[in-house]
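Down below is the structure, laid out as structure tokens.
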Amino acid sequence: MMRLDKYLSELGAGTRSQIKQEIKKGQVSVNGTTAKDPGQRIDEEADQVCFQGRLLRYLRYEYYMLHKPAGCVTACRDKVHRTVMDYLDTDRRDLSPVGRLDLDTEGLLLITNDGALAHRLLSPARHVEKTYAAQVEGTLTEEHISLFASGLEIGDEKPTAPARLVITESGPRSEALLTITEGRFHQVKRMFAAVGCTVTYLKRLSMGGLTLDEDLRPGEYRPLKPEELAQLGLCPGPGENGEN
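Read the sequence shown against this note's numbering and you will find it ends at 301, with the numbers running on by one and no gaps.
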């Protein structure tokens with residue numbers, strides 16, 4: 058059970074004080090009856106709440122896959138750049154990105170309000186795999202595959218954990234797939250720099266069993282499908298947006 062004003066606030070109807078004013082104006086109803094008390098307890102999954110004549114549906118947890126474009130920051134707000142949250146057409150205020158992608162990096166980004174899932178995916182102890190497609194200035198060779206697999210010195214207190222490098226094109230400009238199990242600051246770029254290569258393009262393809270939908274163009278997003286929730290170890294139910 059949840060307070061009515063908290064319920065409406067989480068769905069983006071306004072601040073608690075704004076919602077109290079709307080309740081005084083008779084703009085909120087619960088199961089067809091005009092609400093009078095902001096502290097009224099409601100069952101967020103069973104009760105029907107209308108705000109300004111519009112029925113609101115409450116989902117305890119929401120999960121979205123965003124194809125992050127280059128040029129936006131992975132943050133909820135920023136004074137200079139557009140943020141990843143600006144691409145979502147939602148009033149919900151408790152959503153946030155899971156982890157970070159650099160300003161010029163594009164690709165898979167999970168956005169949710171499930172803090173437990175976010176912690177599990179980002180915890181260093183979990184060794185969650187993340188795969189990136191990279192284009193670099195510099196020739197990649199079989200020797201680099203062994204170097205990445207052994208761990209690289211990138212200026213931190215300890216070398217990186219073993220990573221899997223798959224070279225898809227080798228030459229003055231090379232292309233590769235890199236799978237890592239950590240999330241250090243600028244890690245992928247620093248790993249390539251450690252072997253004398255400069256990253257010119259970077260795109261995250263997968264994270265923790267979740268793979269970027271090829272039909273999503275940069276800046277587009279969609280809710281996760283039930284099978285994708287299952288890949289993340291979640292069982293979609295009536296309170297999650299994966300149910301269809």
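Glycine residues also receive a C-beta, built at the ideal position from the N, C-alpha and C atoms.
Nearest residue (CA-CA) to residue i, options the options
i    : options                   : result
H124 : P154, Q288 and L178       : P154
D213 : L235, V223 and E239       : E239
V87  : I211, T72, D62 and G276   : D62
L273 : S66, E67, Q84 and L165    : L165
V106 : V137, R60 and L286        : R60
H138 : E232, Q109 and C129       : C129
G266 : G290, L112, E277 and Q75  : G290
K81  : A92, D100, Y258 and E284  : A92
A251 : T90, L209 and A218        : L209
R117 : A173, G96 and E163        : A173
P95  : L234, R221, E285 and Q75  : Q75
E277 : A218, M122 and L234       : M122
A220 : E226, S227 and A233       : A233
L235 : S227, R241, R261 and C254 : R261
D161 : Y258, N298, D104 and E200 : Y258
N298 : T90, A175, N170 and A70   : N170
F286 : E200, E119 and K136       : For the sequence presented, residue 286 should be read as Leu rather than Phe. Nearest option by C-alpha distance: E119.
M58  : Q97, G71, A70 and G89     : Q97
G156 : D104, E200 and A175       : A175
A70  : R111, L222, G89 and E199  : R111
Sequence-distant residues of its chain with Cβ nearer than 6 Å to residue i (five each side left out)
i    : result
V256 : A191, V193, K246 and F249
R73  : D62 and S66
I224 : L197 and A233
C254 : V193 and G195
Cross-strand partners of residue i (DSSP beta bridge)
i    : result
R247 : Its beta-bridge partners do not exist; DSSP assigns none.
A233 : A191 and I224
R98  : R60
V85  : F108
V256 : V193
S263 : T188 and T268
G130 : Residue identity check: residue 130 is Val in the sequence provided, not Gly. In the DSSP output, where bridge partners are listed per residue, V130 has T140.
I80  : Looking at the DSSP assignment, I80 forms no beta bridge with any residue, so it has no partner.
T329 : Any question about residue 329 goes unanswered here, given that the chain covers just 58 to 301.
T169 : Y120 and S153
Other residues of its chain near residue i: CB distance less than 8 Å, five sequence neighbours each side excluded
i    : result
M142 : A132, C133, R134, L152, S153, P154 and I168
S263 : L165, E186, K187, T188 and L269
H243 : D159
N301 : At N301 the pLDDT is 39, less than 50, meaning the model places this residue with poor confidence; the figure from the coordinates comes in the next sentence. Excluding residues within five positions, the ones whose Cβ falls inside 8 Å are K282 and P283.
R279 : Y121, M122, D270 and L273
A218 : H184, G208, I237, T238 and E239
P275 : H124, K125, P126, A127 and E163
T140 : C129, V130, T131, A132, C133 and R134
R241 : I211, D213, T217 and R247
Residue i in three-state terms, based on DSSP
i    : result
E214 : coil
E163 : strand
L65  : helix
P283 : helix
S180 : coil
L113 : strand
L145 : coil
L289 : coil
R241 : coil
Cut-off 7 Å between Cβ atoms - residues of its own chain near residue i, not counting five sequence neighbours on either side
i    : result
Y32  : Lying before the first or after the last residue shown, residue 32 is absent from the chain, which here runs from 58 to 301.
K229 : The amino acid occupying residue 229 in the given sequence is Pro; Lys does not appear at that position. So the list reads T196, once near-sequence residues are dropped.
Q84  : F108 and Q109
L68  : L113, Y115, D148 and R149
P216 : G208, L209 and E210
K77  : D62 and P95
R18  : The requested residue 18 is not part of the displayed model; the chain covers only 58 to 301.
Y144 : L123, G276 and Y278
E226 : E232
Meets three-Cβ-pair contact criterion under 8 Å: the region 196-205 and the region 174-181 = The answer is no - the region 174-181 does not touch the region 196-205, with fewer than three Cβ pairs under 8 Å.
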